[in-house]
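Residue numbers are given in the working numbering: position 42 of the sequence shown equals residue 99, and the series is strictly consecutive.
Note sheet for the following structure.
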Amino acid sequence: MERKQFIETFSLRAFSDPVIFNSRKKKGSIMLTGKTGTAAVAGNSCVKTKTGLFLVCIFFFVACAKKDALVDAGDGSIITTDAAIAIQAPVVSATAEGSSETGANEEDLLANSAFSSTVKITFDGLSAAVENTVSGVTVNVSGADVTVQSTVAGVAYEVMGTTTDGMLKIYSDKKYKLTLNAVSIKNNDGPAINIQSGKRAFIALNGVSNLEDGAVYAESTEDQKAAFFSEGQLIFSGDGVLNIAGNSKHALASDDYIRFISGSFNITKAAKDAIHTNDAVFIDGGTFNIKASSDGIEAEEGQIIINAGNITINAVDDGIAASYETDNTIDPYIVINGGSINITTTGSGGEGIESKSVLTVNGGDIYIKAVDDGINAGKAIYINGGNIVSYSTTNDGIDSNGTLTVTGGRVFAIGARSPEEGFDNDNNTFKITGGLLIGAGGSTSLPTAGVSTQASAILGSGNAGTVYSVLNSDNEEALTFKSPASFTTLLLSSNKFSPGKTYKLVSVSDISNASDFNGLYLAGSFSNPTQVSGFALTSIVTRIGGSVGPGGR
């Protein structure tokens, strides 16, 4: 039996006698004709005609399963509007859940540390020069290979100039400041900068600096995992630009954590991850353009917190990943509080954002186009704010292997054909208390009615590239979107939805003054849309069409 097709024969009971009726549709109703009379049915109601029939109820069936009735299947008629319909993308937020952590640390602020001595290092081709010797600091120069050894506090290093076959290595017992002052360092057999110190390093960017490692590293007993590598914390600030090409391993890596406060970072190449840490990544600001042969940003054994910044990632594997999963004492979670994030993955296993633990989104503009899941978390996903478009070409748009909670924000999740889903949480609790949700795919997980306080509807199929909108009975807009892929299941939820009310799904041919976020419309206006279907919300979760299921992982 085809989806969204009414069964043409209804078995009704008039008092104690079964009567078989045949149906024929009229505009806005269904006429049921039988041996003892005719009944007109509109929506879920029954009307007695001619004889003394007392019709208790009529059950409509869709796709051979009990579902709520369509008010009107839609006949492609034009809805004439007296005035233009405004797109408002309204959102009401409920109490936020998940994490509100920012990762702030007063010790990571450069202003809270003093550096009274400065050692200057200037690269010049195949040589380097050193100025301002400081007691307790030894600088060894061999050609353009510079090695710093320090046992004292309060020292700053400023490097400048250019070398095509050199490197900077630092050993320090104390925290220090390193200013990259329009320096270019290429090392043909190892990292361009190799910090063999576990202490905090404040990296200040001034001008445009370039770092590039060799395709093959010389053997060493020390770690040398990236074109720019550090054993300790790296804290970046300044208004300069840092370009990194990682030809052998990662482009930028720390065995501790990395914090980005400001600056521009262009990772033009990474043989492995573009940015890789053992412990954590904190992004408080800055601009990032990242290309990677593996992950774009990975915290191997810790967390990732993004508070601000403009981040563009093109990665073969995951875009952003907190990935550790073999030690229960490590919690690899992700918190996104703000910023602009644009991720494209190209490899067969490349997910947009992956947390092996919990993922919380409190704000920001996030666009993902991924081959695998757009967004994935091992334990739970909480969405409290932001504008999110997460599109998977072969898997789920948003996939939680545990619970999924939406309290706010605008979320557009696009999955692939069945059984892949727009929203997938493996039949765990799917809680909706606020926000605006659009899930398009081959299927969807079913919101949990017992804990959800905002109504949702599950409808049937639609076409790629068509602009769809949902209007209430007064032709006020609830949500408007354009999917990049065709879908057979559509999940919708809005604060404009109320059980007991009726709505129209319409297609829109032209939008004036349109403002959209990757197919999620935020503003504009349209007139005279074409009705696709009408539906009634009979409960907090109303299924009219489409497919529901547990999905995959």
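Even for Gly, the Cβ is constructed at its ideal location relative to N, Cα and C.
Looking only at C-alpha atoms, which of the options sits nearest to residue i?
| i | options | result |
| --- | --- | --- |
| Thr-523 | Ala-258, Gly-466, Val-589 | Val-589 |
| Asn-585 | Asn-367, Leu-579, Val-565, Glu-188 | Val-565 |
| Gln-511 | Gly-465, Pro-476, Gly-353, His-307 | Gly-465 |
| Thr-505 | Val-598, Ser-266, Gly-320 | Val-598 |
| Thr-402 | Ala-349, Asp-531, Leu-167, Ile-135 | Ala-349 |
| Ala-328 | Phe-317, Thr-344, Lys-306, Ala-310 | Lys-306 |
| Lys-226 | Ser-254, Tyr-424, Thr-220 | Ser-254 |
| Tyr-233 | Gly-133, Pro-248, Phe-259, Asp-246 | Phe-259 |
| Phe-293 | Leu-167, Ser-150, Val-468, Gly-491 | Leu-167 |
| Gly-507 | Ser-596, Tyr-525, Ser-569 | Ser-596 |
| Ala-378 | Thr-369, Asp-384, Tyr-390 | Tyr-390 |
| Thr-545 | Gly-498, Val-273, Arg-257 | Gly-498 |
| Glu-276 | Gly-247, Ala-283, Arg-257, Asn-251 | Gly-247 |
| Leu-309 | Gln-281, Ser-134, Ile-393 | Gln-281 |
| Val-527 | Asn-169, Met-224, Leu-594 | Leu-594 |
Quick one: what does DSSP say residue i is sitting in, helix, strand or coil?
| i | result |
| --- | --- |
| Ala-249 | coil |
| Asn-189 | coil |
| Phe-111 | Note on Phe-111: pLDDT 33, under 50, position unreliable in the model; the coordinate value appears next. Three-state DSSP puts Phe-111 in coil, outside helix and strand. |
| Asn-399 | strand |
| Leu-416 | strand |
| Glu-158 | coil |
| Ala-379 | strand |
| Lys-83 | In this predicted model, Lys-83 has a pLDDT of only 34, less than 50, meaning its place in the structure is not dependable; the value taken from the coordinates is given anyway. Strand, per DSSP. |
| Asn-371 | strand |
| Asp-573 | strand |
| Leu-166 | coil |
| Thr-152 | coil |
| Tyr-390 | coil |
| Lys-256 | coil |
| Asn-433 | strand |
| Gln-145 | coil |
By Cβ distance, which residues of its chain are closer than 6 Å to residue i, with the 5 residues on each side in sequence left out?
| i | result |
| --- | --- |
| Asp-230 | Thr-208 |
| Asp-313 | Gly-289, Gln-290, Asp-336 |
| Gly-155 | Thr-417, Tyr-439 |
| Pro-607 | Asp-483, Asn-484 |
| Cys-114 | Residue placement at Cys-114 is poorly supported in this model, since its pLDDT is 32, which falls under 50; the coordinates are not used for a value here. |
| Val-196 | Val-187, Val-205 |
| Asp-430 | Glu-408, Ser-449, Asn-452, Asp-453, Asp-456 |
| Ser-311 | Ser-287, Leu-291, Thr-334 |
| Leu-299 | Leu-262, Ser-266, Phe-322 |
| Asn-245 | Asp-222, Gly-271 |
Within a Cβ cutoff of 7 Å, which residues of the same chain sit near residue i, ignoring the five residues on either side of it in sequence?
| i | result |
| --- | --- |
| Ala-521 | Ser-540, Pro-541, Ala-542, Ser-543 |
| Val-240 | Phe-180, Val-216, Met-217, Gly-218, Ser-266 |
| Tyr-381 | Glu-357, Glu-358, Ile-387, Pro-389, Lys-413 |
| Ala-143 | Glu-534, Ser-582 |
| Val-212 | Phe-172, Ser-174, Val-176, Val-191, Val-194, Tyr-233 |
Taking 6 Å as the cut-off, is the C-beta of residue i nearer than that to any heavy atom in the ligand SAH?
| i | result |
| --- | --- |
| Leu-262 | Ligands are entirely absent from the displayed structure, and the ligand SAH is therefore not among its contents. |
Quick one: what's got a C-beta closer than 8 Å to residue i's C-beta in the same chain, skipping five residues either side?
| i | result |
| --- | --- |
| Ser-509 | Phe-487, Lys-488, Ile-489, Thr-490, Ile-597, Val-598 |
Check your understanding: Fully enclosed by the region 481 to 554, which beta strand (DSSP E) runs are 3 residues long or longer?
Key -> Segments of the beta strand (DSSP E) lying fully in the region 481 to 554: 487 to 489, 493 to 498, 513 to 516, 524 to 529, 534 to 539, 546 to 550.
Review point. Counting Cβ pairs, one atom from each stretch, are 3 or more of them under 8 Å apart for the region 401 to 410 and the region 429 to 447?
Key: Using a C-beta cut-off of 8 Å, the region 401 to 410 makes contact with the region 429 to 447, since at least three inter-stretch Cβ pairs fall below that distance.
Practice item. Identify every run of the beta strand (DSSP E) within the region 275 to 358, keeping only runs that are complete inside it and at least 3 residues long; order them along the chain. Key: 283 to 287, 291 to 295, 298 to 303, 307 to 311, 314 to 317, 321 to 327, 332 to 334, 337 to 340, 344 to 349, 354 to 356
Exercise for review: Please confirm if the region 556 to 575 is in contact with the region 483 to 498, defined as three or more CB-CB distances below 8 Å between the two stretches.
Suggested key: Result no; under three Cβ-Cβ pairs closer than 8 Å.
Practice item. Report yes or no: do the region 142 to 156 and the region 169 to 178 share at least 3 C-beta pairs separated by less than 8 Å? Key: no
**Study point:** Contact the region 548 to 561 vs the region 137 to 152: 3+ CB pairs below 8 Å
**Key:** Contact between the region 548 to 561 and the region 137 to 152 is present: three or more C-beta pairs spanning the two stretches fall below 8 Å.
Practice item. Assess, as a yes-or-no matter, whether the region 466 to 479 is touched by the region 439 to 451 under the definition of 3 or more beta carbon pairs within less than 8 Å. Key: yes
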